[in-house]
Structures are given as C-alpha cells and as structure tokens.
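Accompanying notes for the structure given below.
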Amino acid sequence: MVWEAYNGKTLFLTGTTGFVGSALLLRLLSQSRPERVFVLCRGGAKGAASKWAKLLPELQATALVQDPRITVLDGDMTSIDFGLSDSDVQLLRESVHFFIHAASTIHLRMKLRELSYSVIAPSVWLARLAFSSRKLERFVFISTAYANAHLWTQDASCSDVQIKEQIYPLIKDENPFFAAPNAWQDVQKNGSTAEFEAHNYPWAYAYAKHLTERLLLFFASQRGVLGKLLIVRPSVIGPAQQYPFPGFSTATSTPTTACATAFVLHPGRSMLFATRCTDPARTSTIDEVPVDVVVDRTLAHLAAGTSGCVHAVAGAPGRVTIEDWARANNKERRIPWHVKLKWTDADWHARQLCPLARIFKIVGTSFDFRQDKTDALARQLPQHELQALKLYMDTSADYSVASRRRHIRELGIEMAQRKKWPVFLVKLMCRKEARLQQQPHVYPQDSAETPLSEK
Ligand SMILES: NC(=O)c1ccc[n+]([C@@H]2O[C@H](COP(=O)([O-])OP(=O)(O)OC[C@H]3O[C@@H](n4cnc5c(N)ncnc54)[C@H](OP(=O)(O)O)[C@@H]3O)[C@@H](O)[C@H]2O)c1
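Numbering follows UniProt numbering, with no gaps: position 71 of the sequence shown is 71.
Below, the structure is given as structure tokens:
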C-alpha cells in the first residue's frame, strides 16, 4: 500500500543532494514506480551528478544520474521563483502530485533575517505553488522537532518536556495560524518579531521553522487544502541503520558527528554545559533518529494521507542519556584523558559555556517527543508491510560513534584548516576507521545489473 501510492505519480523534491533528500530519493525509486521525479538542484544535472558522486557510493550515484524518471531542474530556492523558467513552473503546477520540500539551511548560527531568505521565503513560495497545483495530493515540509525547543525554558519545574505533534501558539489566546502573516511581515521589515524576542529559542533556526510551519498552515487553510499539508519534524538526524545502507551519513549534516569531532580534538579536561536537570548526566538526553526512519516515516505518512505535524524521532525508547553520549565520544579520543562534563544552571546562551555547548544548545535538556501518529499508522498497516518499513529505530545496540571515524577525521581536518592548526596533529588525534564501509547494493533487493529505471 505504501509504495503503490507512488506508482505512476509525479513528484517534485528539493534537497535531494543533501542527507535526508538523497536517502529519500533512493528509497522512493527503489521501492516504487513513480512516473517522473523532478528534483531541484543548484547547478542542474551536472551539479547533482557531482554532489551525488561525493555523497554516495559509485553504484548508487550512477543509478541516480542514469535514471530516466529523474528530471533535474537547475534552480536556487533563494532566487525569485527558485530561478525556474515560467514554463518549468507551469509544468510543476500542471503535473505534480506530491511535493516534498527538504532543502534548507541547517546552520544553527544563522540570524533570523538570513533564515528568512533560506528557510521561510522559499518554503512559502513552494507551498503556494503546490496549493494552486491542479493535481496536488500532498505537500510535505521537512521542519524540525526543535521548532518547539523554546518550551524547555518555559516550565522550569519539568526536566523532561513533552512535545506533542501539534502547533504550540507563541502568544496566548492568539490563533497561531492567523498571527503568522503579521510575524512574517515583521521578519521581512525588521529582521525580527515580538514573539521571537519573547521566547527563549536555542537558535533562530528553530523559530524560523516554527513560523514556517504556521505560515504553511495559514496558506493551506486559505486555499482549503489543510488536509493536504504534512509537516515532518525530525529530531537530530543520525546515520542510517538500514537504508540506503547501514551507516549512510554525511559529515556536515549529522550534528552529533560534529560533537564527536569536538570531543576528539578538545585539548582540555572538561567542557561546561548549561542545564536545569538535577542529575544532568543521567536525566538529560539526546534524541537522535536514523535518517532511514525519517525517510520511511515521511513516505509512509505521505502515502497514508496523514496531515498536520508528525515527529520523526527516536522517541522515548531510542533517546540516549548525556552520560552515554559523552562516553561514546570519549571513546574516540586519542588524547589520553577523558573530557569531563561540567554543569551550570546558566542560560543556554551564556558566554561562559564551552564552544560546543554554545552551538549544540540542547545538551543538558530532555525532550519527550511524542510519536502517536506513527504508532497509530503502525497499528493500521498490515504486518508484512510494517516489517518492510523502517518506522522505528533499532535500539538493541549501545550508542557508539565508532562507525563515523572517516567523517570525524574529515571534519577535524576541515576545522584545522579553518583555524590554521597543524593538520598532521589533527590526523594524529583522530582514530582510524575500524573497517571498510560495507559496499552496498544499489538497493537491498537489487542486483547490480538492474538499472533503477527497469524496476
Ligand atoms: N540534519 C539534521 O540533523 C536535521 C534535523 C532536523 C531537521 N532537519 C531538516 O531536514 C531537512 C534536510 O536536512 P539535511 O540534513 O538533509 O540537510 P543537508 O544535508 O544540508 O541538505 C540540504 C539540501 O538543501 C539544499 N539547498 C540548500 N540551500 C539551497 C538553495 N538555496 N537552493 C536549492 N537547494 C538548496 C542543498 O543543496 P546543495 O547540495 O546545493 O547545497 C541540499 O540538497 C532540512 O529541512 C532540515 O532543516 C535536519
């Protein structure tokens, strides 16, 4: 049922040269037979080919490049109309059934004004195009579970904040959808909004996603297509457990790999983080979800016709405690002492925190992201279909970052070059890859001889 929903359909995907988008494109093409998949890429087909070649094993990158169902549209979502020609825009409007918008900046340091160009405006433009499309069945916006991270600072008595799959209004008694256009005007005019300043967000990025969610809901309700909008909220995305192959990851889009790199290269004996948990090592947690869970939840909910917000998270059973997270990171150090975590009850923006804490501000927090909609979907699906989907992460193994050594080293070298540190020293500080990455088939059930297009 899930995969059949895409047979004969036309899709428009953004972000397919990124971590989530490439995994989603591969999964979709391996499991179903869409008629056509338009993908947006800066640099067009050539750009896509070179980015996939860097991101994926040769077999999979070539399969994507040669797949006749894919049409790469050369465009940049920060340009007017994504830089697409009128005829391309018309083609999308006339032919696309499913829009999946995964392109976004994921820079946590960006200011709200910059995010208005790279997150909010492009999402609004694409959603409005989708909502006026003739054949629209669904529009998917990939948001973040941390769009509601400001709730951490709202109730100081609770050290495990529950977040439901809903919109949380920022201003009491105000309809969150109808407040959104005014806030959007303020962002465009002043680079900020009263509601943003009134709440303690860890990053402007989180608020930008919050506002985008509400804007999309507002425009969908105006067009009478609220039921066709799906908002997927991943938590911290980590390497794949199964698809497209175990360990699939990128260095720059996996925040915890960047954290591991910071641990490996940290010369000191401690790092200072902010928390209000009484026993932070054991009670604060990180929710890291494998990318294939994000992909399968997106495609399964889309096929099932789910609308509104859906969390794509590890959830209560998959979260790791900060103690386990730190232990895994310390194991990767070659410097002969472990980094001890120190805690302060200062705010998560406090200047005295260690550099890692000032970016990855959620260390020291704990969020219980509900996943009721996925639980309900799993109950509806036939057993054989459920088993073939990766809706939940496998929690049987201990948390480890050992399989990410290549990326830790890459990030370390990049950091060394940026900070003008001796690169050889960084190489010495990084552990060698434990074993060669498993060479994947194009897809689990494929033989190397079967081109994607003939499936
Ligand atoms: N990674 C995480 O931990 C995480 C967590 C929660 C939510 N998310 C959300 O998940 C989605 C996917 O993130 P990701 O991890 O896959 O990010 P990613 O690896 O950085 O990929 C981002 C994608 O967006 C594209 N893009 C960026 N700016 C663009 C522009 N101006 N025009 C056209 N395309 C542009 C990139 O294209 P280029 O190849 O041309 O750069 C790339 O394909 C995002 O919406 C993100 O906010 C991610």
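From the three backbone atoms N, C-alpha and C, an ideal C-beta is built for every residue, glycine too.
inquiry  = Closer than 8 Å is the cut-off here; do at least three beta carbon pairs connect the segment 414 to 433 with the segment 334 to 347?
reply    = yes
ask   = How would you call E449, buried or exposed, if buried means at least 16 neighbouring beta carbons within 10 angstroms?
value = Unreliable placement is indicated for E449, whose pLDDT of 36 sits below 50; the coordinate value is still reported in the next sentence. Exposed, because fewer than 16 other Cβ atoms sit within 10 Å of the Cβ of E449.
request  = Would you grab the beta carbon distance between D160 and S366 for me? Rounded to a whole angstrom, and I think it's under 8 Å.
outcome  = 4 Å
request  = Determine, using beta-carbon pairs with one atom in the segment 177 to 187 and one in the segment 388 to 395, whether at least three such pairs fall under 8 Å.
outcome  = no
query = From which residue to which residue does the alpha helix (DSSP H) around A130 run?
reply = 121 to 131
ask   = Quick one, are the C-beta atoms of T275 and D345 less than 9 Å apart?
value = yes
request  = Look up Q371 in the DSSP assignment and say whether it is helix, strand or coil.
outcome  = coil
Reference T17, options G75, Y6, N7, closest by Cα = G75
inquiry  = For a test of your reading of the model: does the CB of I142 fall under 8 Å from any non-hydrogen atom of ligand 1? Yes or no.
reply    = yes
query = Roughly how many angstroms lie between the CA atoms of R42 and K340, to the nearest whole one?
reply = 43 Å
request  = Assess, as a yes-or-no matter, whether the segment 164 to 177 is touched by the segment 208 to 215 under the definition of 3 or more beta carbon pairs within less than 8 Å.
outcome  = yes
inquiry  = Taking 8 Å as the cut-off, is the C-beta of V310 nearer than that to any heavy atom in ligand 1?
reply    = no
ask   = What do you get for H384, buried or exposed, if any count of 16 or more other CB atoms within 10 angstroms of its CB means buried?
value = exposed
query = Do you know offhand how far L411's Cα is from T261's?
reply = 7 Å
query = Could you give the uninterrupted runs of the alpha helix (DSSP H) lying entirely in the segment 163 to 198, keeping only those of 4 residues or more?
reply = 176 to 190, 194 to 197
ask   = Alpha carbon to alpha carbon, what distance is there between G315 and A326?
value = 19 Å
inquiry  = Using the Cβ count rule (16 or more neighbours within 10 Å means buried), how would you classify Q371?
reply    = buried
key: Assigned exposure category for Q31 - 16 Cβ within 10 Å defines buried   = buried
query = So what does DSSP say about V20, is it helix, strand or coil?
reply = helix
inquiry  = Suppose only complete runs of 4+ residues qualify. What are the alpha helix (DSSP H) ranges in the segment 270 to 300, listed by chain order?
reply    = 280 to 283
key: Where the alpha helix (DSSP H) containing V426 begins and where it ends   = 423 to 429
task = Quick one: give me the first and last residue of the alpha helix (DSSP H) that A45 is part of.
result = 44 to 55
request  = Please report the residue range of the beta strand (DSSP E) in which residue 457 lies.
outcome  = Look at the range of the chain in this structure, 1 to 455, and you will see that residue 457 is not part of it.
message = Pairs of beta-carbons, one from the segment 231 to 245 and one from the segment 283 to 298, closer than 8 Å: are there three or more?
response = yes
Cβ pair count under 8 Å reaching 3, the segment 317 to 325 against the segment 157 to 171 = no
ask   = Start and end of the alpha helix (DSSP H) containing V317?
value = It should be pointed out that residue 317 corresponds to Pro in this sequence rather than to Val. Run containing P317: 315 to 318, per the alpha helix (DSSP H) assignment.
query = Beta carbon of S192, beta carbon of R113: below 9 Å?
reply = yes
query = ligand 1 heavy atoms versus the CB of P239: any closer than 8 Å?
reply = no
query = Whole-angstrom Cβ separation of V264 and I413, contact assumed at under 8 Å?
reply = That pair is no contact at about 12 Å.
Three-way DSSP call (helix, strand, coil) for D74 in this model = strand
message = Within a Cβ cutoff of 7 Å, which residues of the same chain sit near Q445, ignoring the five residues on either side of it in sequence?
response = Confidence at Q445 is low in this model, with a pLDDT of 44, below 50, so its placement is unreliable and the value that follows should be read with caution. No residues qualify anywhere along the chain.
S118 Cβ short of 8 Å to ligand 1 heavy atom set = yes
query = In angstroms, rounded to a whole number, what distance separates the CA positions of A206 and W3?
reply = 32 Å
key: Candidates G224, H311, S95, of which the one nearest L377 by Cα   = H311
M77: CB within 8 Å of a non-hydrogen atom of ligand 1 = yes
Per-residue DSSP class, three states only, for W3 = coil
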